[in-house]
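Following my numbering, the numbering of the sequence shown begins with 572 at its first residue and continues without gaps. Beta carbons: idealized from backbone N, C-alpha and C, even for Gly. A quick note: this is a predicted structure, and the numbers were derived from the prediction, not measured. Let me begin by presenting the structure, written as structure tokens, before commenting on it.
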Amino acid sequence: MIKNNKYLLFAFFSLLGLCGCGASVVYEKNYDLKNSSWYADSTLTFQFNITEIDAKYNFYYNLRNTKSYPFYNLYLTYHLEDEKGNLVKTELQNATLFDAKTGKPFGNGVGGVYTHQLLHPSLANFKFTKKGNYKFKIKQYMRKNPLEGLQAVGIRLEKAE
Numbered sequence: 572m573i574k575n576n577k578y579l580l581f582a583f584f585s586l587l588g589l590c591g592c593g594a595s596v597v598y599e600k601n602y603d604l605k606n607s608s609w610y611a612d613s614t615l616t617f618q619f620n621i622t623e624i625d626a627k628y629n630f631y632y633n634l635r636n637t638k639s640y641p642f643y644n645l646y647l648t649y650h651l652e653d654e655k656g657n658l659v660k661t662e663l664q665n666a667t668l669f670d671a672k673t674g675k676p677f678g679n680g681v682g683g684v685y686t687h688q689l690l691h692p693s694l695a696n697f698k699f700t701k702k703g704n705y706k707f708k709i710k711q712y713m714r715k716n717p718l719e720g721l722q723a724v725g726i727r728l729e730k731a732e
């Protein structure tokens, strides 16, 4: 009986620990792309509020693609704007979705669909200088229009630890 209680207690505290995970998530949103296609003129806009400027933040791209995605990588442009529309940061990023030599998909995959949560390198440990509402705008920057094989695109903003 005591042995069973130990396992029960262990399971309880394990679940309690898992519930604490995600407490550092400030914002997360994903857009499902209609017909798994992303057009070059389609800008995905994410709006979030920053209340703590003493904290450091990490930005992640959330990407979901099929195995039929035609490239090994994905070029993205982003614009981070403050609530007055002032440009805080902009950049072209390269996200690698498949191994360039072997074609093996990266990310977690089930049934030919792969999910990726990629740390945004230049927005790791990012410090906002002002509190307020911000917009993060993303566009695909590939040679193909529409870009097929992408099912969803999103961002995740976490407090860095």
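Backbone secondary structure at residue i - three-state DSSP
i: P717; result: coil
i: K730; result: strand
i: S520; result: Limits of the chain in this structure are 572 at one end and 732 at the other, which puts residue 520 out of reach.
i: I624; result: coil
i: S607; result: helix
i: L580; result: Low local confidence applies: a pLDDT of 34 at L580 is under 50, so the model's placement there is unreliable, with the coordinate-based value given in what follows. L580: helix per DSSP, three-state reduction.
Bounding residues of the beta strand (DSSP E) (the contiguous stretch that carries residue i)
i: D603; result: 596–603
Assigned exposure category for residue i - 16 Cβ within 10 Å defines buried
i: N716; result: exposed
i: V681; result: exposed
i: Y610; result: exposed
i: N728; result: Residue 728 is actually Leu in this sequence, not Asn. When all chains shown are included, L728 counts as buried.
i: V596; result: exposed
i: R714; result: exposed
i: S607; result: buried
i: L668; result: buried
i: I624; result: exposed
i: Q722; result: buried
i: Q618; result: exposed
i: L690; result: exposed
i: L658; result: exposed
i: C590; result: For C590, the predicted model reports a pLDDT of 46, less than 50, meaning its position is unreliable; a value from the coordinates is still stated below. That one is exposed.
Pick out the complete alpha helix (DSSP H) segments inside the stretch 637–716, 4 residues or longer, and give them in chain order.
-> none
Could you tell me whether the stretch 647–657 touches the stretch 671–679, using the rule of 3 or more Cβ pairs below 8 Å?
-> no
Counting Cβ pairs, one atom from each stretch, are 3 or more of them under 8 Å apart for the stretch 635–644 and the stretch 691–705?
-> no
Any contact of the stretch 660–667 with the stretch 606–626, i.e. 3+ C-beta pairs under 8 Å?
-> no
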